[in-house]
Structures are given as C-alpha cells and as structure tokens.
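Numbering (the numbering used here), first residue to last: 3 to 1030. Quick notes on the structure that follows.
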C-alpha cells in the first residue's frame, strides 16, 4: 500500500492514555527490571524511561553486530504489535520502494510459497496486517492478541523482508509487465499490466493526491522528496527486475532497519527470535540512505499543475486550487515541531481560526486546499494553506488574503481560551482509549525516528505541554513571533496552483500509449516470443494450486469457544426513555450517545437528513452563535457528532430501523456542560445564518466529491444493493451516489433558502423525546452522576404536542430489556422498526461514467439476515471465496489493486473490486467464483483458514467506549452473538456448497450490479444497464 503518512492530528495522536495516576502493571514492571547496559540476545539496552502519562515504559536498544535500532514500548495491552521499517530513499519515480514492498511479500527463503502475506491473513488471528510505502521509509506492521500467532507472524515478516525470493514472475505480477491483452492469444495487442501500475493509475485519479504530491515534489526539490515514491504510472515501466533486487540489497539491511514492538508480551522472546531468525546472519554496513537537509531558497517560487475535471464540481467554472506552503524546521526538533503543530491547529481548525474566517468565509472557494496545515512526514516539516473550488481570476486575491491574515495574526495573536481549548483537547484525547494504540504509536514515531529523532522524547507529551505553557507565560507573544519567523519572513515559500484540463485523462492515455509504443518498438521477434511465453508462464503459475503447508498457522481449536460477555444495565429515565449503562475503565472520560427515530419524518425531507446531521452542531444554538458554539464544544468536549443510520433487523431482511445517532465524549468534570450543550442543540438550534450555511454546504459537497476516487468500491456496493431490500434505497439516499449528486445540486443553487427552510422542519420531527434511546459508557464511579445529568437532559427535551403518525405505517416493535432505576422490571420500551409489505426486490445494473482510467465494481446478492442458520455459512464462504479464488482472479491475474467478497449485517452478499483495469471481465470473475464454490473445489484446510480469518474480525478488540454498542444500536444480545459464534465453529463443507447453490447461483437470488469508471462500449450496447 502506498501511503503518504501524516503526523496524526493532535486530536488523534495519543488515543489510549491510561489512568490519571501511575499504576503499576506486569508489562511495565518487567521492563523496569532491566538496566541500561544489559545485553540480551545480541542487543544492548541504551535507555529505559517510564512515561506515566501514557502508562508505559519505553526502551531503546541497539543491535551489537549490525547497529539495527530497536524501540520497545511495554504496556499492559494484549493487542501486541511489531513493525520493522527501512529508510527507503528513491531518486526516481519508478516506484521501486513500492514495488519492492509488494514483491517481498510474495515468497521468501523459508516460506517459498506464492504470496505468504495474503495466505497468513487466513492462517492467523491478526488484528492488523499490512505494509506501507511512505515518501522516505517502508513500514511493515502487524498486531495480534495471541502469543503463538505473534511468533508465527514475526517469523513470516522477518523472512519476507530480509530473505525474499524476489522472483521475476512476482515482479511482473506486482510491479509492471508487457503482456498480451489476452495472454493466451499472441495476436491480441500488448498492453501494460501490473498491480502497482494500476494502483497508481487509480491513486492519481484523485485530484487532491495530485496536488499534495506536486506540493511535496516542488517544495523539497533537491533529493528523494522530488520523486513519487509510490511510482508515477508513466515511470513505473522504466523499472527493471535487476534494479529492484539492487534496491533491496542496499536498503533492506539490518543496519538500515528500525524495529518496534509494543504490548504486554515479554521483550526477551522478541529479541531472541529476531536475532536467531534474521540478524545473526548479517554484519554491519554503512547505509547511504540519509536524506540531506533541503537547501533554503532566497526567493519564493511558484508552480502550476493540471488535473482531471471534477464531474461533481459545484461550479464547473470554479475548479482551480491554490495553496501557499512554507518550509519549516527539521522534525527531529521535537518541541519546535510540537509548537508548530499546535500553531497550525490555531490557524486553521474550526470557525474561530483566522484562516477559516479569512478564506473559507470569503465565499471565494469550497474548502481549504489539500494538505492544509502542519505536515510532518518529511525530514523538514511544512505548513500549507489555500483554497480549492475557486475561479482562476481569484488566485491573486487568495494570495493577498493569506498575506494579510498573517500580518493580522502577528499583530493580534490568539485568544487565550482557544489555546486552552486546544490543550484540553490533547488531554481528553490522551485519555480516550483506542484498540490500536500500538499501530498509532508506530505511525506516529516513524517519520521522526527515521531521521534519527528521539522517539522517547516524542512520546513525552506531558513534558511538551508543560514547556509550551511555560513559554507562553514567559512571553505572551511567543506564538506571534513564530508566525513572523516561519511565515512572514520565510523565503522558502511555494505558491502552487492547479486547474483542470478537459483533456487531462485523454493526454494521460496518449502519453501511456506513446510509452507503450516506445517499449514495443524496441522489441525483437525473440523478445515478443519471450513476452508471450512469460505471460503463459505467469498465468500457469497463478492458476496452479499452492502448497502453503510451509507456513505456520493457528488452528480453530486455538480460538476461545466462548465470547466474553459485556455487562449492561438498561433503565428508564424521564419516565419512559431507555438508557443503557455500560461500566468500563474509561480513564475519567464519559461517552454519551442518543439514537432518535426517523419514523415520522415526511418522505420529501429524507434526502436532506445527512446535510441536517452535518450542520446541526455547526450553526449555533441557544445563546451561542456558531463561533461561540464551536468554542464551547472544543472547551468542554472531545467532539460532538451527528450521523444518519440505517440499521438492519437481525431476523428479517425487509425490516429495518431508521434514525440518527448523536455521539459525544468529555472529561467527567465537564459532563454537565456537555449535556447542557446537547440540550441547547436539541431545543434551540440556529438555522438562520444563510451565508454560513452556504459555506458548510460547499465544504460538504466538495468533501463528498473528493472522496469518490478513494471509496469508489463502497459507492458501487451501496448502489448495487439499492433495490434488494427496503433499507437499500434509504442507504443509497443517505450514503450513496444519490447523496453526492444531491449535494452537488444544493451547492449549485443561487438561492439556498428553500433548503435551509427544511432544517427546522426536520428538527421538529427528530429532536425530541419521541422514540429515543440513550447510552452511557463510563467508569462505575461516574455512573451515578452520569445518570443524573442524562435525566436532566431528557426532562428538558421537547415532546410532540400531538402524537405524530409514522410515515411508513407498518411498524414492528422489538422490546428492549430494561429495569427501572429502583431495580424492578417495568413495561418494556421498544425499538420501532419499519417494513414495506409491498416491497419486491428487483435487479438493477448501473454504470456511473467517470473520467477515471480504472473501475470500481460492485455486485450485491440478497441472502439472509444475521440470526438465520445460513448466515454463518455465507460469512465463512465470503472469506473462502476471497482468499482462494477472487484474490487470484481479480488481483493477481486481473491486475486490480483489490477485490473480494463480504457479507454485510444487512444480509447482502457483496462482490467488489477496487482500482480495477477491468469491469465486465471482473463481473465474469464473480460468476466463476460462484461456480467454483458450488463445485466444492476447496479443502478442509481451506475452510479452517476461512474460519480463522472470520474469527480475527469477530474477536477484534473493542474499546471501552464502544462496549455494548452492538446491543444499543442493533439489538444484539450477548446470547445472540454467542449463538452466531457457535454456528461459525460448526460450518461444514456441505453447508458451504449448499448455501452457494441456494443463494448465489444465477437465478436463485435477486442481485444488483454497479460500476464506477470510464466509458465502456460493451455496457453501452447492453440495454439492461442504466448509464449515469
């Protein structure tokens, strides 16, 4: 995966902060028993530092014979993580580090079978497995909760990176190759193929990606940052197999490696395995991979790039993007980086920030330019600010606004309460626990450590906050002086502009054709014969059954038979509202949620619910205008969000629940303030400010449009299932291409009042006590106070003066287990689900024509709901088809970046592909997958692997904040989940063949198809397709 890692937002950096006072733990105690200078399995301990703020002990080690660096974080967390990273600094855009990242995972000395990485996904209970190519490093992380699994995965990862096979056929498959369009027909034309080649063609259909990549290339032009580490599609065919092997030899050496382990497993065990399986086979080298400092400019520079037109632009005449970027100091200066990251938040975050006021509210554009804010993923950081969605004629005006805003900040500075809100945000996000803290740490330290920065200093966030407060106290103009130093007086400044070229994709295709012709013209008859034979050899290799017995594996018998039950208590508040309480170790953070039904909402208002949710907490409420409201939310909460939900019933595909989820979190000391804010939002929301509403609409529409290139497979899947269940149409309305198109139309309206007037109407039906339920996750000590505050909130809420009729009269009531506050059983409150007795599923095939060079394909098949006996078999089957058939057909043979099958909780069995050079051919692969499953061409070992893969998702760790949410939202009890678990264990070969025939066979179940991608003559000739 090509990833331009960014330093996580401060709001997301340390998302697993443990208690507010140091508490000893087994993992930390063990770490503190070591001493600096201790030698363990070829490593020497260089530093041991407890970081009580994060409830961890950090240790730095070095490998004696190779100089490999090692960082261990001991923490009482069972989700243990390993990563190894190499500094990879390419000097051209052939994508060599990216192709190498793919190819090392295709087989190694100890595990020579093809594609051990993807095979381990099905032989493991990993909670995370992946690899990332950044601008100047390549990272290989995995995490698991199982000790034996950790050792298995570590063995595979070590062998992959240090002793890969790097076979030529794997390079052809993963990187690029010349091959006949039909490999079996030497008369068919030669074309470029390859997974990375197609991945990067897809990546650069995203105009934001084009802008961000150009920004980095032009701002840091002297070394590795001037090239595309992931590979430019026109340069990837310049990479040779020999160059790939040479890059591995010079970069993938322990002397150029950084190892990271995290969690509660013993350090010695990791060190022994790494030493014995890898490092003892190497001697120290001097890697020449350091990135030199960028030479600073004497004068600012300007640069212009073009991109493809945006079909969903709100105004076709306003598609220009402009950004001004400033080079900042080396990211290894940790306190300066911390300060500048905070400064960036003050400059651009939220409606109170100066650049939001000056740029977003100017009405000149739709949203900030891509890569806005502080960016610390390169050796020297940079800050960027600008606008997208502007007219060409406004470029100079935007530049003037940026300069003027910088001058005003230097003169006026920042309000104290904005700085305080930001520091409070750090505190609350430190206390918030995530399930992937190890992975977050791994990515957070990667860039700084890559350039010899100190990861321990980086984790000492409490010390940085203290120092920051001290600097502000000693010098009230501390931040203003930074703005003057790094923005006003900084000559290393790039102004980058980008506008669309109507013939952009045509020109890209033309350049690819010329590149192809150049390659073909150099070929002799012997070369062409070799290409044909190699194509057949690759096809035969891909089709050959693989013996994966050399790979380590867990067994299904290693999985816990029983699910740990979550204790919940549901009581009635304000007389009739069910409130679910879940006591959890939340570190003094309280999590509140409310779910409100949409059953009485008139049909014509339904499409506007996502927009209502998006703006509800951003328009002002009660005595606060929208700026004051934003300030209160930052000061008193960790965020307040509102989102529409379509929740499938567990026992009937034609029944669903429709509603809106309100979510927020806060420190316990701010609970009454947070609940008061919700009261004001529910009772007195503001819907009057037309200008601000226009700004929010444009930003929302731009965000949806920008997201299509990265989420095309999701849009295709939602569209494909639209006509299969009554809930499908509503899901398309809320989250599909229909919503993208609606927001484009709304943003284009010269007069937006008609839409603004819909918001109070939606409020009338939604923001009241009717058909509501709430939940609270907090520590046991906080529950009493939380109960009182929720009671006050609910008593303050409005109620309908007259009982409103349900728009869809067919309501199905499901009881919620509930006790009153005094512990006695009461009349059951209910979840009110809806159905449409007249609904008949039907097939629909939709092609959204988009100016992309790749496709996103989705096919949905109506099957069964969660509690049906066949659901577990279909869930295992989806994983089996993905791993044993679709991966080979769609990715390896077809060249798509990804593809597979999955079963949703809505009972829709979905086939999909992502960044796919094919479309109709992929639909044929879906059909072949069904034939393969019906014929039972899989072994008992294959079934065992599919079960392991499914259980890795079923048993994925759940954060304290999210415990009990399955019950609160979906009505799934502990007993129902345990029943599903037992069905998964019991799935047999006969059941898998049976469900393949029963549901997936053509003609058996209703299915829908959708494709997002370029013009397709075959589809155009087929009248059964709807072309949009």
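Glycine included, each C-beta is placed from N, C-alpha and C at the ideal position. Bear in mind that the values here come from a model prediction, so they are computed numbers and not experimental data.
{"Query": "Going by the DSSP bridge assignment, what does residue 130 pair with across the sheet?", "Result": "145"}
{"Query": "Per DSSP, what are the beta-bridge partners of residue 848 in this structure?", "Result": "1012 and 1028"}
{"Query": "Just to confirm, are residue 246 and residue 366 a CB contact at a threshold of 9 Å?", "Result": "no"}
{"Query": "What three-state label does DSSP hand residue 371 in the structure shown?", "Result": "coil"}
{"Query": "When the distance is taken between beta carbons, is residue 356 closer than 9 Å to residue 632?", "Result": "no"}
{"Query": "Taking residue 945 and residue 878 to be in contact with their CB atoms under 8 Å, please state how far apart those CB atoms are, rounded to whole angstroms.", "Result": "7 Å"}
{"Query": "According to the neighbour-count rule (16 or more other Cβ atoms, all chains shown, within 10 Å of its Cβ), is residue 844 buried or exposed?", "Result": "exposed"}
{"Query": "Would residue 505 be called buried (16 or more neighbouring beta carbons within 10 Å of its own) or exposed?", "Result": "exposed"}
{"Query": "Spatial neighbours of residue 1040 within its chain, please: C-beta separation below 7 Å, excluding the five flanking residues on both sides.", "Result": "Nothing can be reported for residue 1040: it is not among the residues displayed for the chain, which extend from 3 to 1030."}
{"Query": "Measuring straight from C-alpha to C-alpha, what distance separates residue 325 and residue 449?", "Result": "24 Å"}
{"Query": "Tell me, which residues are paired with residue 1036 by DSSP?", "Result": "Residue 1036 lies beyond the range of the chain shown here (3 to 1030); nothing can be said about it."}
{"Query": "Using three-state DSSP, classify residue 747 as helix, strand or coil.", "Result": "helix"}
{"Query": "Run through DSSP, which three-state label would residue 817 get?", "Result": "strand"}
{"Query": "Residue 194 and residue 86 look like a contact to me (Cβ under 8 Å); what is the Cβ gap, rounded to whole Å?", "Result": "So it is not a contact: roughly 31 Å between Cβ atoms."}
{"Query": "Can you tell me where the beta strand (DSSP E) holding residue 390 begins and where it ends?", "Result": "382 to 392"}
{"Query": "When the Cα of residue 515 is compared with those of 236, 438, 924 and 115, which residue comes out closest?", "Result": "236"}
{"Query": "Suppose the cutoff is 6 Å on Cβ atoms and the five residues either side in sequence are ignored; what does the same chain contact list for residue 18 look like?", "Result": "A caution first: residue 18 carries a pLDDT of 29, below 50, which makes its placement in the model too unreliable to give a value."}
{"Query": "Is residue 231 near residue 90, with beta carbons less than 9 Å apart?", "Result": "yes"}
{"Query": "Using the C-alpha atoms, what's the distance from residue 635 back to residue 471?", "Result": "22 Å"}
{"Query": "Along the chain, where does the beta strand (DSSP E) containing residue 52 start, and where does it finish?", "Result": "45 to 53"}
{"Query": "If you measure between the beta carbons of residue 860 and residue 1011, is that distance less than 9 Å?", "Result": "yes"}
{"Query": "Between the Cα of residue 975 and the Cα atoms of 725, 857, 819 and 637, which residue gives the shortest distance?", "Result": "819"}
{"Query": "Mind reading off the beta-carbon distance from residue 181 to residue 533? Whole number of angstroms is fine, and I expect it under 8 Å.", "Result": "7 Å"}
{"Query": "Looking at C-alpha atoms only, which residue of 895, 883 and 919 is the closest neighbour of residue 902?", "Result": "883"}
{"Query": "Is the segment 750 to 757 close to the segment 574 to 590, with three or more CB pairs under 8 Å?", "Result": "no"}
{"Query": "So, helix, strand or coil for residue 709, using DSSP?", "Result": "helix"}
{"Query": "Could you work out which residue in 653, 604, 626 and 680 is closest to residue 641 when comparing CA atoms only?", "Result": "680"}
{"Query": "Does the Cβ of residue 963 have 16 or more other Cβ atoms within 10 Å, making it buried, or fewer, making it exposed?", "Result": "buried"}
{"Query": "Measuring CA to CA, which of 1006, 935 and 919 is closest to residue 1013?", "Result": "919"}
{"Query": "Measuring CA to CA, which of 67, 244 and 547 is closest to residue 284?", "Result": "67"}
{"Query": "Determine the direct distance from the alpha carbon of residue 997 to that of residue 875, and round the result to whole angstroms.", "Result": "7 Å"}
{"Query": "Can you tell me the Cβ-Cβ gap for residue 683 and residue 623, rounded? I've got them flagged as a contact below 8 Å.", "Result": "5 Å"}
{"Query": "Can you find at least 3 beta carbon pairs, one from the segment 370 to 386 and one from the segment 419 to 433, that sit closer than 8 Å?", "Result": "no"}
{"Query": "Figure out for me which residue from 852, 358, 282 and 992 has the closest Cα to the Cα of residue 629.", "Result": "358"}
{"Query": "Return the CA-CA distance between residue 596 and residue 665, expressed in angstroms with no decimal places.", "Result": "7 Å"}
{"Query": "State buried or exposed for residue 524, treating a residue as buried only when at least 16 other CB atoms are found within 10 Å of its CB.", "Result": "exposed"}
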